[in-house]
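Visitor: Just so we're aligned, residue 2 is where the sequence shown starts under the working numbering, counting upward by one.
Here you go, one structure.
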Amino acid sequence: MKERCPICGAESELEFLPYEIPHFGEALFFTAVCPSCGFRSADLMLLAGEGESGE
C-alpha cells in the first residue's frame, strides 16, 4: 500500500503482516519505509486476545 511520508512527503511503502503471538492471539504488524529520506516506522496492533472473539 502506498502512502505519503510524514517527513518529506514522498511516496512511501506501507506493509501489513498478520502474525500469531502465543498467549496473546492474532496481531497485525505495520511497517512503513520511505525510499526518499529513509524514514522508517513500525507498529504492532493486537486484534484479539487468546479466547476472545474480537467483537
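The C-beta atom is built at its ideal place from N, Cα and C for all residues, glycine as well.
Between P36 and the rest of its own chain, which residues show a CB-CB distance below 8 Å, the 5 nearest in sequence each way excluded?
Guide: By 1-based counting over the sequence shown, the position of residue 36 is 35. The answer, listed in chain order, is A11, S13 and E14.
Visitor: Quick check on E56: does DSSP put it in helix, strand or coil?
Guide: Sequence index remark: in the sequence shown, residue 56 carries index 55 (1-based). For E56, the predicted structure reports a pLDDT of 48, less than 50, and the residue's modelled location is therefore unreliable. The matter cannot be settled from this model.
Visitor: What do you reckon, are the CB atoms on A33 and E4 nearer than 8 Å?
Guide: By one-based count along the sequence shown, residue 33 stands at place 32. By one-based count along the sequence shown, residue 4 stands at place 3. It is a contact, given that the beta carbons lie within the stated cut-off.
Visitor: So what does DSSP say about S30, is it helix, strand or coil?
Guide: Walking along the sequence shown from the start, residue 30 turns up at place 29. The amino acid at residue 30 is misidentified as Ser; the sequence shows Phe. Three-state DSSP puts F30 in a strand.
Visitor: Near C38, which residues of its chain fall below 6 Å by C-beta distance, leaving aside the five closest residues on each side in sequence?
Guide: In the sequence shown, residue 38 corresponds to position 37, counting from 1. The answer, listed in chain order, is I8 and C9.
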